[in-house]
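Chains as they are written, first to last, in our numbering: chain A, 47 to 248; chain B, 47 to 248; chain C, 47 to 248; chain D, 47 to 248. Ideal Cβ positions, reconstructed from N, Cα and C, are used throughout, including at glycine. Treat the numbers as computed from the prediction; the structure is a model and nothing was measured. To start, the structure itself, in structure tokens.
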């Protein structure tokens, strides 16, 4: 297996050092990836002064180019997001908008800059919304060139209109743990294949 | 208050006499409406031989024209739907597609056929998806001319990846009951206003 | 008719003085509202230093409380948003997240702070995505207490994968103009009714 | 390259022999796949008496088991769907619901029945909605175990509120053709890799 690297973009609305459930599930996803020998890091996007926009660099102290460099170097990119009102967080949307710029970025052989990279998603909320958040993320990520491994969405949500946070659960629920394990295992398998066997040049 | 009528379209995939959680929440919503003096009925769409299409009558024994007649006579139209894969049921989508035909139907004064009617939505699933289902239904219903009262979505879902059905709960959870009460109360208030004060002619 | 006020929240990613298609359609929507005697204003959210969060005031120079004051004073609230990757802009999502706080805000008689307010949406993009953006906005706005008038979504998008901006069209396409007129007319009618006839206390 | 097979599920609402734009784009997608040596077929789902449900066989003349057999035999599964009200067709939803049953179907080594299969989507509408339809389809297909190649969504839509059908265009627009070519090329590459290198057993 080739040496693989991963970056997990945590898209909580809360800057460090606030505790964050999406940060927790992001860390858990990274641990699963690391158990397969992947080297990776978690980036808490809201700490990095990322600017609104749809270019690769919005200037003026924009924190995105630093994050983008890590994405360009990674084989696996994960988004870890909270759910608000049944939808992905605004920080997640800001990340996806910045990735939109990659549609105009092609490498030496005409491949999209994200070609060959694999994407997965981890989602948490007090209640309801994970499937739709996964849909929004997978569609946007796939659109700019990411490949999506089988069962790429890991998640936890509570019962309707409950208020418990993921980070306050005593243990990770078994089924959520299973989705994390599966998403990571499949991501590693696929990223490994795509590293050795790139898509045909565009 | 004017005499108001309602029709609740239950969009379960299962024909009668199977028990159905969406049928249950549809009945509960109707009871709430009836407590305000509204007269109404529940229609289980899958029992009625409705055909796929986007016209008001697809012919060939199509069950839609009979349902449409009840909708045309109603002040309040509710959709009660199960969640499958985080999305509205195919039967719900079939109903929305049939309502698409109403965009071409205008009355004597140039108003859309659904103008002045109020819509609400009730959603149940084992887990996750209610907000998105509400979004899909409200957008489509609003598009063809329905008015949406405040807090128009009532719902219940269980914790992530659980398998309990709404109809197997011992009691209706208090918060779900609250969403039913609110949606019905607001629908009645708005329907009443719109009956007496129609939108300006188109 | 009571004196009505409106606020249009323009959710472009680009700060002033950049030209913006969503700013243009927001202004057009306001003009339509003004033609009915409504007094209103356009707020370009990205100019106001709004912070990420889900409270009414995130402190530290947060621009939201100033905007919130205008919303609390308004009868009609409109969101004007661009489409990115088929989805609402991150600035729109930031606004919706800030409005999420209103679920905990009730007035003297137990009504939600947004109760009685009417919401409409205007959407522009080079191509594809308006219906889904409208769905996301209407669901979230309705969830926190806004009432949605019939045909509340006005929009323009170009053909698949085209690059023309709304602001570069020679004229407003007739059908888009029609959606603006209808959304505004219906919003004014409904806001007027709700001002005189508030929802029952909660 | 291994011998690959594909099945394209056309999800138009109209039975044969009506002309159908989604049937056309489905055929075009199959042609692209065939140009890579893939053997495949188009199935018009609405012609097959598929029943509503979430099991692999709903009995009573259900047409799904016959389709399911073709899916089980295929390496690449495509959905070709029209857009109605900005959303996937009810027939598409019916197909996704039937595929939901596969979450309970595992093979000898504990892999999901859809594991190792690759999915792509082709979408057409008079106007607006392709991205969201792609999102709904990819999320549901990925959820049951399909892998999604880079840029898996091919589409055409017209300008806002236009009425031209895809099948009435003189030529396939270049950009739509490009999405078909890319989706097919990437699907073949990925399906080929996954045939030779299955995901680890569950």
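- Chain B places no beta carbon closer than 8 Å to that of residue 229 of chain D, leaving this residue out of the contacts.
- Contact between residue 93 of chain C and residue 62 of chain C holds: CB atoms are separated by about 5 Å, below the 8 Å threshold.
- DSSP, reduced to helix, strand and coil, places residue 212 of chain D within a helical segment of the structure shown.
- In this structure, the beta-carbon distance from residue 120 of chain A to residue 53 of chain A falls below 8 Å.
- For residue 134 of chain D, the beta-bridge partners assigned by DSSP are D/129.
- For residue 189 of chain A, the closest Cβ of chain C is nearer than 8 Å.
- Taken in chain order, the whole alpha helix (DSSP H) runs of length 4 or more contained in the segment 144-190 of chain C are 176-189.
- Contiguous alpha helix (DSSP H) elements confined to the segment 51-107 of chain C occur at 67-80, taking only those with 4 or more residues.
- Around the beta carbon of residue 148 of chain A, 16 or more other beta carbons sit within 10 angstroms, so the residue counts as buried.
- Among the residues of the segment 164-187 of chain C, those with a Cβ less than 8 Å away from any Cβ of chain A are 182, 185 and 186, in the order of the chain.
- Between the alpha carbons of residue 240 of chain C and residue 242 of chain B lies a gap of roughly 13 Å.
- Taking all protein chains shown into account, residue 47 of chain A has fewer than 16 neighbouring C-beta atoms within 10 Å of its C-beta and is therefore exposed.
- The contact set of residue 110 of chain C on chain A, defined by CB atoms closer than 9 Å, is empty, because the minimum CB distance reaches about 12 Å.
- With respect to the 8 Å criterion, residue 67 of chain A and residue 128 of chain A are classified as neighbours on the basis of their beta carbons.
- With respect to chain B, the C-beta atom of residue 234 of chain D has no partner C-beta closer than 8 Å.
- Counting along the chain, residue 112 of chain C sits inside the alpha helix (DSSP H) bounded by residues 110-119.
- The straight-line gap separating the alpha-carbon atoms of residue 114 of chain B and residue 151 of chain C is approximately 40 Å.
- According to DSSP, residue pairing for residue 193 of chain B in a beta bridge involves B/164.
- For residue 207 of chain D, the nearest beta carbon of chain C is closer than 8 Å to its own beta carbon.
- DSSP lists C/169 as the beta-bridge partner residues of residue 201 of chain C.
- Beta-carbon to beta-carbon, residue 132 of chain A and residue 178 of chain B are separated by about 6 Å, close enough to satisfy the 8 Å threshold.
- In this structure, DSSP gives residue 206 of chain B a state outside helix and strand, which the three-state scheme calls coil.
- Here residue 189 of chain D is buried, its C-beta having at least 16 other C-beta atoms within 10 Å.
- Comparing C-alpha distances from residue 220 of chain A to each of A/130, A/207 and A/202 shows the shortest one belongs to A/202.
- Per the coordinates, the alpha-carbon of residue 175 of chain C lies some 12 Å from the alpha-carbon of residue 168 of chain C.
- In the three-state reduction of the DSSP assignment, residue 124 of chain B falls in the strand class, which pools E and B.
- Here residue 75 of chain B has 54, 124, 126, 166, 168, 200, 226, 229 and 230 as same chain residues with Cβ atoms under 8 Å from its own Cβ, once five neighbours each way along the sequence are excluded.
- Using a CB distance below 8 Å, the part of the segment 124-152 of chain D facing chain C consists of 131, 132 and 133, ordered along the chain.
- Non-local beta-carbon contacts of residue 209 of chain A in its own chain, meaning distances under 6 Å to residues more than five positions away in sequence, involve 172 in chain order.
- In the structure shown, residue 47 of chain D adopts coil according to DSSP, grouped into three states.
- Taking residue 140 of chain C as the centre and dropping the five residues before and after it, the same chain places the C-beta of 96 and 98 closer than 7 Å to its C-beta, in chain order.
- For residue 222 of chain D, the chain C residues whose C-beta falls within less than 8 Å of its own C-beta are 206 and 207, listed in chain order.
- The alpha-carbon of residue 100 of chain A is positioned some 15 Å away from that of residue 159 of chain A.
- Sequence-distant Cβ neighbours of residue 82 of chain C in its own chain, meaning closer than 6 Å and more than five residues away, are 234.
- At a beta-carbon threshold of 8 Å, none of the residues of chain C lie near residue 192 of chain A; the nearest stands roughly 12 Å away.
- Residue 136 of chain A is positioned such that its CB atom lies no closer than 8 Å to that of residue 104 of chain C.
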